[in-house]
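Enquirer: Dropping the structure in here first, questions after.
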Amino acid sequence: MIRRFGTPPENGRSYRLRPGAYAILALDGQVLLTHQSSPAPEFQLPGGGIDPGESSAAALHREVFEETGWSIARARRLGAFRRFTYMPEYDLWAEKLCSIYMARPVRQLGSPSEAGHQAVWLPLEAAVVALDNPGDQHFLSRLL
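Taking this note's numbering, I'd label the letters of the sequence shown as residues -14 to 129.
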């Protein structure tokens, strides 16, 4: 059974399954997060939705690059969690199935290409507190 974080699903509401891949990227006691300015400002683990026909690993590499400008290597799956949420950018009620990976940040190849995203390095302890998603916090806090 996959653990759920956040609010429970609402009775009678239809949710679309939205699988995603997200990365914990630690280097020298710091963690690379993405700060997304809209629809609401928040810190997140870099990552996102897996497109139809795309592998989880390919989505992880693509999303991390789009949101941070960094390339990654040696991705290792740590686990997964579910959360039920409204995604205003897609006008979608989603059951997000979030697979969490630990990966090594290799090189910054440029700035984030995804609008409204900024790559931010924070000390591990500060990153846990800064994350807005309790599932992300759970997985990152296991490194403390």
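C-beta atoms are modelled at their ideal positions from N, C-alpha and C, and glycine is treated no differently. Here the structure is a predicted model, which means the values were calculated and not measured.
List the endpoints of the continuous beta strand (DSSP E) containing Ser23.
Expert: Note, Ser23: premise wrong, no beta strand (DSSP E); not H, not E.
Enquirer: Within the same chain, show all residues whose beta-carbon is closer than 7 Å to that of Thr53, passing over the 5 residues directly before and after it, in chain order.
Expert: Leu17, Thr19, Pro31, Pro97, Ala104
Enquirer: DSSP state of Arg1, grouped into three classes?
Expert: The answer is strand: DSSP assigns Arg1 an E or B state.
Enquirer: In angstroms with no decimal places, state the Cα-to-Cα distance between Val114 and Gln122.
Expert: Here the alpha carbons of Gln122 and Val114 stand approximately 7 Å from one another.
Enquirer: Name, in chain order, the residues that DSSP records as bridge partners for Met72.
Expert: The bridge partners DSSP lists for Met72 are Leu77.
Enquirer: Taking one C-beta from the stretch 25 to 40 and one from the stretch 2 to 9 each time, how about it: are there three or more such pairs within less than 8 Å?
Expert: yes
Enquirer: Can you find the residues in the same chain that come closer than 6 Å, C-beta to C-beta, to Ser22, ignoring five residues on each side of it along the sequence?
Expert: Gly101
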